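Protein chains in written order, with the numbering used here: chain P, 6 to 410; chain B, 5 to 404.
Take a look at the structure below.
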Amino acid sequence: MNFGFSDGQKELQQTVREFLHDRAPLQACRRLLEAGEGWDPGLWQETAALGWLGTVVPEQYGGAGLGYLELAVIAEEIGRALAPMPFASSVYLATEAILRGGSPDQRQRFLPRLVSGEIIGTLALAERPGHPDPSDTGTVLERGRLTGTKIAVVDGAVAALGIVSARGEHGTTLVLVDLDGPGVRRQAQASIDPTHSSASFVFEDAPAEPLAGVNEGWSFLEGLLDRAAVLLAFEQVGGASRALELTKEFTLSRYAFGRPVASFQALKHRMVDVYVALELARSNCLWGAWALSEETTEIDVAACSARISASRAFDLAAAEMLQMHGGVGFTWEHDGHLFYRRAKHDALVLGATHAWAEKLVQRLIRRAAVQLPGDGDTSPDQRSDRPSRSSQVARLTHGLAATAR
Amino acid sequence: MDLNDTAEEKAFRASARAFLEAHAPAFGTRPVALDDPEMVRQAQNWQARKKDNGWACLTWPAEYGGRGLGPIEDVIWSQEEARWDTPPNLFIVGIGMLGPAIMAHGTLEQKARYLPRIARGDEIWCQLFSEPAAGSDLAGLRTTAVRDGDDWVLNGQKMWTTFARLSAWGVIVARTDRTVPKHAGLTCFIVNMRSPGIEVRPIRQIDGRSDFNEVFFTDCRVSESHRLGDVGNGWAVARTILMHERAAIGSVGARLDVPALLAVAAACGVADEGEVRQRIADFYVRASGLTYTNYRTLTALSRGEMPGPEASIGKLVGASLVQEMSAFGIDLQGLAGTLMSGLHECQATYLGAPGGRIAGGTDEILRNILAERVLGLPAEPRLDKNVPFHDVPTGPRTRQ
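Below, the structure written as structure tokens:
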């Protein structure tokens, strides 16, 4: 049993941590927050030069040809640093979409430019408040032209390539759009986390090409979101860890009533609750990373677990950080709100927690053989030998048939 | 990242399986009460069979009859044995906790006399630690041992003692000096549970079961040759025992799990309600978090490391999860949830659940441990730390 990262992966993690510590300290984040600009082009180019944008991209497209475990440790460090980069949008979403759903020609045209950092890609999904559903997509693709509106596109102000969900001839389709091209009107929108820009787009007969390797648009999109959810969850765990560390540091040095406030049990126990939430999330993230790396069918439920637990842990860590800093945590000048904003942003960008919880239950029901993975057993061999739950499963399937959506 | 056994672990698991396949079927159990003499005999026979074939005391040093294996082999063995219907392990206290204490602190005679019999299951042993007034603050215990000639005389009361009714022997920690601070005045003894002056009474729990006992000591004489470790060194001996208790990686998986809750929800016609589904998702995510945290602990064991205090996460989260899930399972059933015959034994689980959050380290103590030993936060102020025991307040003062 080796449920963890290899020494090589940990070394990579350390390298990324040191780079971001020098190149993207929290002051860098704050500068962007105050300037209202969503990214640091210099940081982006240096990151690209280190090869990290193409971590899982095959070498023939200029990538590093590594795996998802490597990408996961990079993600955790980006999260820990609150690095102001469109990394998730361009790497976990746009690059993955083309890598997995593009034709060979599309891969050749776009992957090298994404990997080199020349262009930034992003996903445009939401059209209104609430959770996107295939049945209410208003944006349409007709004869190679896109018409419709997308809002709250993450990193939308800096992205050149849009992966846009639209209604096509055969249902949901994902299309590639040049966001600087004709028929596209971009409007910057103020985000709760200004370290990622946000923009709305109005498409009027904008030239668009469907991702040619995709058969069923909505299920491809769900798969793309699952994989991105695991990677973003590592960012969230990184951010939550840093928030807890800073909270610990502060409460150890801040004295009240003659002793460090960290010595008061109420705060000790609440920091433990953050730590526990964080460690459970980390464990779920490792499960997700394993599922990504091994390409197992468990990715659908592992992704939900990783995302839900990481979103909750980061939200909790950030809120508790502010609370335990007392009044100073509420000031603009203090770094607490950088975490508070980022946590909320990350909890929303791929869909809110309640939507993922609903998705999880639907998937559990659909699987019918609802088995908690592992259940404490050491190895996959163990799992397959478990006593059958056939009577329980039969009851479950029968009882839930009417409720399955 | 590899979730499979290493080659060595795989081979070990295969050999465990081979033994169990050959021997376990003969020991399948009918449900009987824990202290039914027939059950005890079966348990002893199974333990002897394991011992005779090299499957008892895996982690004991070879010189004491063990195989000197590590914690991961212990876990693998437990997983394999759990797949079979075998008699309950009445020897876990003796083998898992008290035997190692005798190895660490006992005399040569004590080791020769007791260890082989513990290993073979000839005797059931119990741990006489907690008292009515000393659970979380174990070092504040009040049972006394007073020297009288070649003996020590025990007076006091122990509580929450598992297996006391069945045990031939026990290890007790008692106060031998009230004039020094609490940790310094303790001594451990090996106690013959059939001695005069010992009375065992079962404790009735809120769920109607009696898994634990009170043990009353009234002028019970213990020979000086049964003292375990030096006079005044009882706390060190107790810590050895407690450390091994913590090392036991128990599965905190609920009897009631997410598939069962979904089935209950379906049976109650509420499986399509958003609020119900949100809670079920939350339970699933916490349970999977626990499962994979356990995998991380197994990874450390596989590397030969002992689990650190972060292993407390499993108990802290798991015990509350059992309580919340069983409460939810009951609530789903509406008025029918009041029936003890309700779906999936939610009611029995719910009544047993509070014990899990208290026994073996309360939620609050576990949070202190995680705060202090993992997060490195300051220790709790301890007003009694350097105070002679007889000066330590033990209740509201009725007079000055």
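From the three backbone atoms N, C-alpha and C, an ideal C-beta is built for every residue, glycine too.
Since we're looking at a predicted model, the values are computed, not measured.
C-beta contact flag for residue i and residue j at 8 Å
i: E209/P; j: G188/P; result: yes
i: T410/B; j: V219/B; result: Summary: the structure shown does not reach residue 410/B, with chain B confined to residues 5 through 404, and so no result is reported for it.
i: L98/P; j: V62/P; result: no
i: V159/P; j: T200/P; result: no
i: A294/P; j: V235/P; result: yes
i: L283/P; j: A245/P; result: yes
i: R17/B; j: E84/B; result: yes
i: R281/B; j: E363/P; result: yes
i: S108/P; j: G176/P; result: no
i: G189/B; j: F393/B; result: yes
i: G334/P; j: G341/P; result: yes
i: L230/P; j: G293/B; result: no
i: V184/B; j: C130/B; result: no
i: S316/P; j: T252/P; result: no
i: A157/P; j: A131/P; result: yes
i: A213/P; j: L146/P; result: yes
i: G238/B; j: T191/B; result: yes
i: A240/B; j: V175/B; result: no
i: M344/B; j: Q351/B; result: yes
i: L2/B; j: I194/B; result: Outside the modelled stretch of chain B, which goes from 5 to 404, sits residue 2/B, for which no answer is possible.
Straight-line gap, residue i to residue j (C-alpha atoms, nearest Å)
i: F344/P; j: G356/P; result: 19 Å
i: V396/B; j: D388/B; result: 6 Å
i: E25/B; j: P91/B; result: 15 Å
i: Q51/B; j: D89/B; result: 14 Å
i: W361/P; j: D286/B; result: 10 Å
i: A53/P; j: L71/P; result: 15 Å
i: E417/P; j: R300/B; result: Because chain P in this structure spans residues 6 to 410, residue 417/P falls outside the shown range and cannot be described.
i: S202/P; j: A20/B; result: 58 Å
i: L48/P; j: Y354/B; result: 54 Å
i: V207/P; j: A164/P; result: 15 Å
i: R377/B; j: I168/P; result: 48 Å
i: D138/P; j: A291/B; result: 29 Å
i: G257/B; j: L325/B; result: Per-residue confidence for G257/B stands at a pLDDT of 42, beneath the threshold of 50, marking its modelled position as unreliable; the derived number appears in the next sentence. The straight-line gap from Cα to Cα measures roughly 9 Å.
i: L104/P; j: T60/P; result: 12 Å
i: I202/B; j: D223/B; result: 9 Å
i: S389/P; j: A233/P; result: Confidence at S389/P is low in this model, with a pLDDT of 38, below 50, so its placement is unreliable and no value can be given for it.
i: F133/B; j: V177/B; result: 6 Å
i: L272/P; j: A296/P; result: 36 Å
i: Q48/B; j: N196/B; result: 19 Å
i: R28/P; j: E279/B; result: 45 Å
i: S288/P; j: E228/B; result: 50 Å
i: I76/B; j: K14/B; result: 11 Å
i: G222/P; j: T178/P; result: 5 Å
Residues of its chain near residue i, where Cβ-Cβ distance is below 8 Å and the 5 sequence neighbours each way are ignored
i: K55/B; result: C61, G69, A123, R124, G125
i: L411/P; result: Outside the shown range of chain P (6 to 410) lies residue 411/P, about which nothing can therefore be said.
i: L374/B; result: P313, E314, S316, I317, L320
For residue j and residue i, believed in contact at Cβ under 8 Å, the rounded distance
i: V289/B; j: I304/P; result: So it is not a contact: roughly 15 Å between Cβ atoms.
i: W173/B; j: V226/B; result: Contact flag wrong, Cβ pair sits at about 11 Å.
i: G68/P; j: V120/P; result: 5 Å
i: N159/B; j: F221/B; result: 6 Å
i: H350/P; j: I124/P; result: That pair is no contact at about 23 Å.
i: C309/P; j: F239/P; result: About 15 Å; that fails the 8 Å criterion.
i: D370/B; j: Y280/P; result: The identity of residue 370/B in the sequence shown is Leu, whereas the question assumes Asp. With 8 Å as the limit, L370/B and Y280/P do not qualify as a contact, their Cβ atoms being about 12 Å apart.
Residues near residue i in its chain [Cβ-Cβ closer than 6 Å; skip 5 each side]
i: A211/P; result: L151, V182, G188, V189
i: Q327/B; result: A357
i: S94/P; result: T127, V159, D160
i: S255/B; result: Any answer about S255/B is weak, because its pLDDT of 40 lies below 50 and its placement is not dependable; what the coordinates show is given next. Closer than 6 Å at the Cβ level, and outside the excluded window around S255/B, lies no residue.
i: Y66/P; result: L116, P117
i: R259/P; result: V266
i: D154/B; result: E228
Cβ neighbours of residue i in the same chain (closer than 7 Å, five flanking residues each side left out)
i: L170/B; result: D39, V44, L94, I128
i: A323/P; result: A248, F344, Y345, A348
i: N217/B; result: T165, A168, R169, V204, R205, P206, I207
i: H348/B; result: L260, A264, V268, G333
i: E64/P; result: G70
Interface flag, residue i vs chain D, CB-CB below 8 Å
i: P382/B; result: Structure shown: chain D not included; protein chains present are P and B.
Ignoring anything shorter than 4 residues or poking outside the region 107-136 of chain B, list the alpha helix (DSSP H) runs there in chain order.
-> 112-124
Legend entry - Runs of beta strand (DSSP E) wholly within the region 206-294 of chain B (minimum 3 residues, chain order): 216-227
For the region 273-358 of chain P, list the alpha helix (DSSP H) runs that are entirely contained and at least 4 residues long, ordered along the chain. 304-329, 341-354
**Request:** Let me know the beta strand (DSSP E) ranges lying completely inside the region 161-222 of chain P, each 3 residues or longer, listed in chain order.
**Result:** 166-173, 176-183, 189-194, 203-215
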